[in-house]
Amino acid sequence: MSSTTTFMNTIPIAKPIEEDDDSVGNSLWKDAYHRLLKNKLATFGGAFILLEVFICLITPWIAPYGFDTQTLELTLAKPSAAHWLGTDALGRDLFTRLLYGGRISMMVGFLASMVSVIVGVVYGAISGFIGGKLDNFMMRVVDVLFALPFVFLVIILMVYFGRNIILLFIALGFTQWLTMARIVRGQVISLKEKEFVEAARSLGISNWNIIKRHLIPNTLGPVIVYLTLTVPSVILDEAFLSFLGLGVQAPMASWGTLISNGVEVMEIAPWALIFPAITLSGTLFSLNFLGDGLRDALDPKGAKD
Amino acid sequence: MTRKSYLIVGALALALVDLLGLYSLRTPAKAAAGKQVIRINNGAEPKTLDPHGATGVYEDLLLRQIYEPLVARDAKDLHPIPGVAESWKMSKDGKEYTFKLRTNAKWSNGEPVTAEDFVYAWKRILDPKTASEYASMAYPLKNAKGINTGEIKDFTKLGAKAVDAHTLKVTLENPTPYFLSLLDHYSLYPVYKKSVDTHGDRWTRPENFVGNGAYNLKSWEINKSIVMVKSPTYWDNAAVKIDEATFFPVDNLDTEEKMFRTKQIDVTREIPPEKLPFWQKDKTGVFVSSDYLGTYYFRLNVTKGPLKDVRIRKALNLAIDREKLVKYVSRGNQNPALAYTPPGTGGYNPPKVLPGDLSRLAEAKKLLADAGFPAGKGFPKIEILYNTQEIHKKMSEAIQAMWKENLGIEVGIINQEWKVYLNSMKTLSYDVARAGWIGDYNDPNTFLENFMTTNGNNMTGFANKAYDNAVIASQKEVNLEKRKVHFAEAEKILLDELPVLPVYIWRRNFLKATNVQGWYPNIQDLHTLKDVWLEATPG
Amino acid sequence: MGLRYLLGRLAVMIPVFIVVVTVVFFMIRFAPGGPFDSEKQVPPDILKNLNAKYHLDESLAKQYVRYWGDLSRFDLGPSFKYANRTVNEIIAESLPVSAELGLISLVWALLIGVTAGGLAALKPNSLYDYIPMSFSILGICLPTFVIGPLLVLVFAVWGGWLPVGGWNTWQDRLLPSLTLGFAYAAYISRLTRGGLMEIRSQDFIRTARAKGLSEGKVIVKHALRGGLLPVVSYLGPAMAGIISGALVTEQIFNIPGLGRFFIQSAVNRDYTVVMGTSLLYFSLIFVANFCVDIVYVFLDPRVRYE
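Chains as they are written, first to last, in the working numbering: chain X, 4 to 308; chain H, 1051 to 1589; chain Y, 11 to 316.
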């Protein structure tokens, strides 16, 4: 590992996270929290997400119909007073199915993304920071995993572990963490040669602490952005895993399956596509506002433009 | 603007339209201007164009154009008509056929089609080295099975001899009443020996291909298109009207329908199920719906759990409203299946044992109570298995809801990817599983033999000696009326024991441009372009 | 970064390649179902013939050795499903189509994505930010299987300006490449904006700004380089994916590309095709990531490999 940085002397050392005592961790998050609350859009986004989570929790009590209650004579009906968002191809109330679908999709979206973030960030940070042979090895493992035929992976996992909800999160998180790891590694490689890292190192701080205290917080920006991209894509990927028999089981629905069913009837019953799509977009907008707000709030340099 | 600039703008606009290809896009199948060109969606990329490697409908439509069988079929009612054979005679015991081949039948390279070509082709499909999946279609020939399994090494023992270049003598293992319709199946098409010998696996490529059909292979690009042109060497080419045909492998039903609407194709393979109600109301005459030789049903595993009890199998059968399922779920003008074999198969009409509606629901409830589950109480958890496809999902969901409502039992639904699903069926690891059967030939045997104890397609665990005997008796009988008695006997046992839950008789629904003529509906959905022509579109 | 690093990196590919071949080879055979399972059961005698023809009756170890033998002659074997085609032929015919579609889409994606992301980062929390970012969110929520049919409906069915499907004229390229490009543009614009916002607050940018450079110049000359790192990291694997074929887009527009083989071959248990496509994909990933690592150095001079 090269020991000198050319930038060290040419660029004035700005303020890194200079404090080293343990209280910093707390105050960092506290500050961030206050900054977040000041950001109106972010607060709105957070509130919207919380509201959705709340609705999901109470769905069984507020849903107007059962998610599997069919009225075969009333298939693909237009939105009406009885069915606010219309009905699907088996005459089931779409509003109800959207509510129930939210329970699955929100859970899948957040949990699977969490899996991918935690694994991806830790893996990428270690690989990028240690560098050298280990980096090479770890990244080649990622290459191999990328190349594995995903369909087979899921099928085989299902043979050995059955159709298990935990398996669903693992399978969904699986493809996502690989890209996440590469993104974090890229950031870390670029960061680790920076002044404040050198400074921390010269102060004798352990590698793990450098990764935890200096590198990971500094990669949070791209990580949060990629995370907000991961949530919708795992929600939609879930529909693909349903194809392999791993996702949500009929007659339950998820947002992903509602959207893919909606596409098929786009011309006949546009509402069957529009409402799930609006719901997913709304969630994603909120998530983005929240994500951007979080990113700004967590920016260790507190930079504001 | 001056007149001149108007002209320039006009010319530019025309050029632009031309450049964008809008003009050609909007032209339907060309008829009037000399050349007749048709564009058909085949529905999928064919596995192969080797008739001995083919296994399904996606190859059938293509092979049927580039080969001519010994005995062909009438386009409307499918009765056997002369193909390469001009005439034939059957011996009294039904075990021997003598075919007279027409002398003007030619391969696409101009060489005559001879009796020896058929003998060669049949030996080839039976050769274990060819490893043909559909070799069993040739098993009615004497010693065919032995040759295929490797027990008989001497291929000359096969019950097919070329007496001379234009006389073919065929000996069968058993009298096989449907033998003539088998000859129209691609497995028994002739192939051109020299091409196979010279080019190996590549003999089906357009540059190496030699066929004897009304059309010749012009190009074949994987997943893109297959183009065929009228064959100049075909003996009856004066009667062939379509000059060129393009087959597309579009497997996305939605894309297919949109290509039809924008006049990129003239005949579709299917219609997206969601759009059936819309097309059924169509007044322009492009919607075609015809009977099809197939049954959509569910398998009931008789070896496991509560379904071991015939009373429960019967209760499940009586507690679904088939008419409603057809009307609101499958939606394609299908008829409810009141027996297993489709009515009219080979002239046989099965007894109508099952109800189309819920008229016998009380009986179902009683049967369930007798079996120890009054009003469904305490009924163990069973699952409906389907292979991933939207229409099967809907059907399973609807049936699940009907059982819940009518019998008070809770049934789960699971789906599996195609090969996993097949594996579950084979190993009997399911309770109720979605299934379908399309007849290989127009005879009840293709349906009924499946539920014989040792048949690989049984996959329900159903084993019944009396049933087996009835089917075997029908196979050995030549007289149709006597066979019908055996069929009915077998069918009756099947519907008493109910290892199946028939839902509906299949139907083919597709779109066909109005100027396409001669694409006659028939129960096996077999179409030879030789019968088809394009009418000049008015305007 | 020296030549030694480059050579070392390439040398690593060999053991990794061996691992991929081995893992994939055995993995696909553990999945239930075989290539010749079908709705109509193949009788056992006939199945025996089929297995013998494709050497599936041999022991796994023997098959594995045989596969390496073929592979050393660059022979990926015959397809089980498409009986007259070899895997080499399938790839040779389909990959160029997918690559063409992928490259056009990539151009769209970068053009739209980086512009939108850059614009948003230039004036954050303004209309320049909100409008492109809203589109990007829509692009993420409306995946290709929604956008594709929607574009077809509007431009082909209702408008009649473009064909629904096919792969012959340049008009055939428009809708699918936009569909595919849009999906990637959505991601790229978000990552670009995120990366730029991140780097804008960093020291050397502040220095540049302090020197009196205009904000636009700062972005283009300094920030864009470092700020694109996440985009580049994302592009490595994405590029391999986009070039080797996009299943959904190819299916919607009936394009004869390689993408549909990735899922189809798995569903068919067409072992040789699964192997072939996986190995190809791996090679593309490897090359793409290799390029990405080199591009890092150009984008951020502080990055070094030893």
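Each residue gets a CB set at the ideal place from its N, CA and C atoms; glycine is no exception.
Buried versus exposed call for W78(Y) [16 or more other C-beta atoms within 10 Å across all chains shown]: Mapped onto the third sequence, residue 78(Y) falls at position 68. With fewer than 16 other Cβ atoms within 10 Å, it is exposed.
Beta-carbon separation (whole angstroms), E1467(H) vs F246(X), contact threshold 8 Å: Within the second sequence, numbered from 1, the residue matching residue 1467(H) stands at position 417. Within the first sequence, numbered from 1, the residue matching residue 246(X) stands at position 243. Their Cβ separation, rounded to whole angstroms, is 7 Å, which keeps E1467(H) and F246(X) in contact under 8 Å.
Beta-carbon proximity list for K1402(H), same chain, < 7 Å, skipping 5 on both sides: Residue 1402(H) sits at position 352 when you count from the first residue of the second sequence. L1388, A1389.
Residue environment, G169(Y), which counts as buried when at least 16 other CB atoms sit within 10 Å: Counted from its first residue, the third sequence places residue 169(Y) at position 159. Classification of G169(Y): exposed, given that the 10 Å Cβ count is below 16.
CB contact below 9 Å: Q190(X) versus chain C: Going by chain labels, chain C is absent from the structure shown, which instead holds the protein chains X, H and Y.
Length of the line joining the Cα atoms of D299(X) and S289(X): In the first sequence, the residue the question calls residue 299(X) occupies position 296. In the first sequence, the residue the question calls residue 289(X) occupies position 286. Spanning the two alpha carbons is a distance of roughly 15 Å.
Residue-chain proximity (G1426(H), chain X), Cβ-Cβ < 9 Å: As a position in the second sequence, residue 1426(H) is number 376, starting the count at 1. By this cut-off, G1426(H) is not an interface position.
Own chain residues within Cβ distance below 6 Å of E1294(H), not counting five before or after: By one-based count along the second sequence, residue 1294(H) stands at place 244. Within the same chain, E1294(H) has close Cβ partners V1087, V1279.
Reduced DSSP category for K1280(H) - H, G, I as helix; E, B as strand; rest coil: Residue numbering aside, residue 1280(H) sits at position 230 when the second sequence is read from its first letter. Correct three-state label for K1280(H): strand.
Integer Cβ distance of P220(X) from L301(X), believed to fall under 8 Å: Here the question's residue 220(X) lines up with position 217 in the first sequence. Here the question's residue 301(X) lines up with position 298 in the first sequence. Rounded, the Cβ-Cβ distance is 7 Å, consistent with contact.
Alpha helix (DSSP H) runs contained entirely in the stretch 135-175 of chain X, provided each spans 4 or more residues: 135-150, 153-164
Proximity of A275(X) and D96(X) at Cβ, strictly below 9 Å: As a working note, residue 275(X) is residue 272 in the first sequence. As a working note, residue 96(X) is residue 93 in the first sequence. In this structure, D96(X) does not lie closer than 9 Å to A275(X) by Cβ.
Y92(Y): contacting residues in chain H (beta-carbon distance under 8 Å): In the third sequence, residue 92(Y) corresponds to position 82, counting from 1. Result: E1095, K1097, T1098, I1272.
Neighbouring residues, chain Y, relative to L1472(H) (Cβ below 9 Å): Numbered from its first residue, the second sequence carries residue 1472(H) at position 422. Ordered by position in chain Y, the residues that pass the 9 Å Cβ test against L1472(H) are P42, G43, D47, S48, E49, Q51.
Chain Y within 9 Å of S284(X), Cβ atoms only: Taking the first residue of the first sequence as position 1, residue 284(X) is located at position 281. Answer yes: the Cβ-Cβ gap between S284(X) and chain Y drops below 9 Å somewhere.
9 Å Cβ cutoff met for G1426(H) and I1459(H): Residue 1426(H) sits at position 376 when you count from the first residue of the second sequence. Residue 1459(H) sits at position 409 when you count from the first residue of the second sequence. It is a contact, given that the beta carbons lie within the stated cut-off.
Where L20(Y) falls, given that 16 or more other Cβ within 10 Å makes a residue buried: In the third sequence, residue 20(Y) corresponds to position 10, counting from 1. Exposed.
8 Å Cβ shell around Y1570(H) - same chain, five flanking residues per side excluded: On the second sequence, position 520 is the one that residue 1570(H) refers to. Excluding sequence neighbours, Y1570(H) sits near A1125, K1126, H1577, D1581.
Residue range of the beta strand (DSSP E) that includes T1318(H): Position 268 of the second sequence holds residue 1318(H). First-last for T1318(H): undefined, no H or E at that position.
9 Å Cβ cutoff, Y77(Y) in contact with chain X: For the purposes of this step, residue 77(Y) is taken as the residue at position 67 of the third sequence. No, Y77(Y) lies away from the interface with chain X (no Cβ there is under 9 Å from its Cβ).
C-alpha gap between Y1170(H) and T1283(H), whole angstroms: Along the second sequence, read from residue 1 onward, the residue named residue 1170(H) stands at position 120. Along the second sequence, read from residue 1 onward, the residue named residue 1283(H) stands at position 233. Y1170(H) and T1283(H): Cα-Cα distance of roughly 21 Å.
Per DSSP, cross-strand counterpart(s) of R1484(H): Here residue 1484(H) refers to the residue found at position 434 when the second sequence is read from its first residue. Partner(s): F1348(H).
Inter-residue spacing [alpha-carbon to alpha-carbon] between G105(X) and F98(X): Looking up residue 105(X) in the first sequence gives position 102. Looking up residue 98(X) in the first sequence gives position 95. Their Cα atoms are separated by approximately 11 Å.
Interface flag, M249(Y) vs chain X, CB-CB below 9 Å: Looking up residue 249(Y) in the third sequence gives position 239. By this cut-off, M249(Y) is not an interface position.
Buried or exposed by the 16-neighbour rule on C-beta atoms within 10 Å, applied to A1288(H): Against the second sequence, residue 1288(H) aligns to sequence position 238. By the 10 Å Cβ count, A1288(H) comes out exposed.
CA-to-CA distance, G127(Y) to G87(Y), given in whole angstroms: On the third sequence, residue 87(Y) is found 77 positions in, with the first residue counted as 1. On the third sequence, residue 127(Y) is found 117 positions in, with the first residue counted as 1. Straight-line measurement puts the Cα of G127(Y) at about 45 Å from the Cα of G87(Y).
Neighbour flag for Q73(X) against chain H, beta carbons, 9 Å: Looking up residue 73(X) in the first sequence gives position 70. Chain H contact via Cβ: present.
Backbone CA spacing between V1566(H) and E1585(H) [nearest angstrom]: What you label residue 1566(H) is simply residue 516 of the second sequence in a count that begins at 1. What you label residue 1585(H) is simply residue 535 of the second sequence in a count that begins at 1. So the two alpha carbons sit approximately 6 Å from each other.
Span of the alpha helix (DSSP H) around G112(Y): Here residue 112(Y) refers to the residue found at position 102 when the third sequence is read from its first residue. That run of the alpha helix (DSSP H) goes 97-132.
For A1365(H) and A1419(H), the rounded distance between their alpha carbons: As a working mapping, residue 1419(H) is identified with position 369 in the second sequence. As a working mapping, residue 1365(H) is identified with position 315 in the second sequence. Answer to the nearest angstrom: the Cα atoms are 10 Å apart.
Spatial distance of N1262(H) from G1160(H) (CA atoms): Mapped onto the second sequence, residue 1262(H) falls at position 212. Mapped onto the second sequence, residue 1160(H) falls at position 110. Near 9 Å, if we compare the C-alpha coordinates of G1160(H) and N1262(H).
Contact with chain H by D55(Y), beta-carbon distance below 9 Å: Indexing the third sequence from 1 puts residue 55(Y) at position 45. Cβ-Cβ to chain H under 9 Å: yes for D55(Y).
Nonlocal neighbours in the same chain, by C-beta distance under 6 Å from A1540(H), ignoring five residues either side: Indexing the second sequence from 1 puts residue 1540(H) at position 490. Excluding positions up to five away in sequence, the list reads L1498, Y1517, A1520, V1521.
C-alpha distance - T78(X) paired with L218(X), whole-angstrom precision: Taking the first sequence and counting its residues from 1, one reaches residue 78(X) at position 75. Taking the first sequence and counting its residues from 1, one reaches residue 218(X) at position 215. Going by the C-alpha atoms only, they are around 55 Å apart.
Three-state secondary structure assigned by DSSP to L1478(H): The count along the second sequence starts at 1 and reaches residue 1478(H) at position 428. Three-state result, L1478(H): coil.
Through-space distance from P159(Y) to S115(Y), alpha-carbon basis: As a working mapping, residue 115(Y) is identified with position 105 in the third sequence. As a working mapping, residue 159(Y) is identified with position 149 in the third sequence. Near 17 Å, if we compare the C-alpha coordinates of P159(Y) and S115(Y).
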